[in-house]
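Peer 1: Submitted below is the structure of interest, expressed as C-alpha cells.
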Amino acid sequence: MIRPILLTLAIVVIGLALMTFSLPGPAAEFAISIERYRTGLLPARIQVDGEPWHYLVGGPADGETVLLLHGFGANKDTWTRFAGYLTERYRVVAPDLPGFGESHRQPGQDYRLPAQRERLHAFVAALGLTDFHLAGNSMGGHLS
1 MIRPILLTLA IVVIGLALMT FSLPGPAAEF AISIERYRTG LLPARIQVDG EPWHYLVGGP
61 ADGETVLLLH GFGANKDTWT RFAGYLTERY RVVAPDLPGF GESHRQPGQD YRLPAQRERL
121 HAFVAALGLT DFHLAGNSMG GHLS
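In terms of the working numbering, the sequence shown opens at residue 1 and continues consecutively.
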C-alpha cells in the first residue's frame, strides 16, 4: 500500500526536478504565477507618455493604496511574497520601473534617477493616485 504512494511521489519529484533544470524559464514563470495567485496580485498594464508600464495590483479597491518600488536590477515580483501580508487590508500597486522587468528600456531614453522620478510622477497621476503610502528598496527606496 505504501510502496505505490512512495513511487508516485518519487515520480512527481523527479518530474518537477527535470522540468526545473530543463525548462528553467517556464518553471520560474509557473512559480511566480503561483505566488501572485496566492497573494491576489493581478498583472496590469498602462500607457504613460507613450511608454508601457507593467505592474501588479491587488487588494480591496477601496483600501488605502500602498505603492511598492523595486530595487536596481529587480522587478515588480520582488514584492509578491511581501504583498501577501498587505493585500487583505490595502490596495497594493507594484510597478516595473521603466527599463526593468516587462517595462523595457527604450532606446535613447534617460534612466537616471531624476528622469525616473518624473516618470514615476506621471505613472502615479495616470493611475489617479493622490493619497497613498510609498515604500521601496534599493533604487526604489531612493525614489521613494
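Every residue, glycine too, gets a C-beta built ideally from N, C-alpha and C.
Looking at C-alpha atoms only, which residue of E35, P107, V124, I5 is the closest neighbour of H54?
Peer 2: Here the closest residue by C-alpha is V124.
Peer 1: Look at the alpha carbon of G73 and the alpha carbon of L97, and state the distance between them as a whole number of angstroms.
Peer 2: In a straight line, the C-alpha of G73 is about 10 Å away from that of L97.
Peer 1: Under the rule that 16 or more other beta-carbon atoms within 10 Å means buried, what is D77, buried or exposed?
Peer 2: It counts as buried.
Peer 1: Helix, strand or coil for E118, going by three-state DSSP, please let me know.
Peer 2: Three-state DSSP puts E118 in a helix.
Peer 1: What are the start and end residues of the beta strand (DSSP E) that includes R89?
Peer 2: No beta strand (DSSP E) contains R89, which DSSP labels as neither H nor E.
Peer 1: Check the DSSP bridge columns for F100 and list the partner residues they point to.
Peer 2: DSSP, once it has assigned bridges, lists S103 as partnering F100.
Peer 1: Which whole-angstrom value is the C-beta distance of G63 and R89, which I expect to be below 8 Å?
Peer 2: Confirmed, about 6 Å.
Peer 1: Compute the beta-carbon to beta-carbon distance between L69 and G136, rounded to the nearest angstrom, for a pair I have assumed lies under 8 Å.
Peer 2: Between G136 and L69 the Cβ distance is about 3 Å, and since that is below 8 Å, they are a contact.
Peer 1: For Q106, collect the residues of the same chain with a Cβ closer than 7 Å to its Cβ; drop the 5 residues on either side in sequence, then sort them by chain order.
Peer 2: E51.
Peer 1: Leaving out five residues before and five after S144 in sequence, what residues of the same chain have Cβ atoms less than 8 Å from its Cβ?
Peer 2: Around S144: L69, L134, A135, G136.
Peer 1: Can you tell me where the beta strand (DSSP E) holding L143 begins and where it ends?
Peer 2: Element bounds for L143: not the beta strand (DSSP E) but the alpha helix (DSSP H), 139-143.
Peer 1: Assuming R36 and L56 are in contact, meaning their beta carbons sit under 8 Å apart, how far apart are those beta carbons, in whole angstroms?
Peer 2: At roughly 7 Å, the Cβ-Cβ gap stays under 8 Å, so R36 and L56 are in contact.
Peer 1: Among V93, Y85, V66, L86, whose alpha-carbon lies nearest the alpha-carbon of I46?
Peer 2: Cα-wise, what sits closest to I46 is V93.
Peer 1: If distances are taken between C-alpha atoms only, which option among N75, G141, D49 comes closest to E118?
Peer 2: Considering only alpha carbons, the answer is D49.
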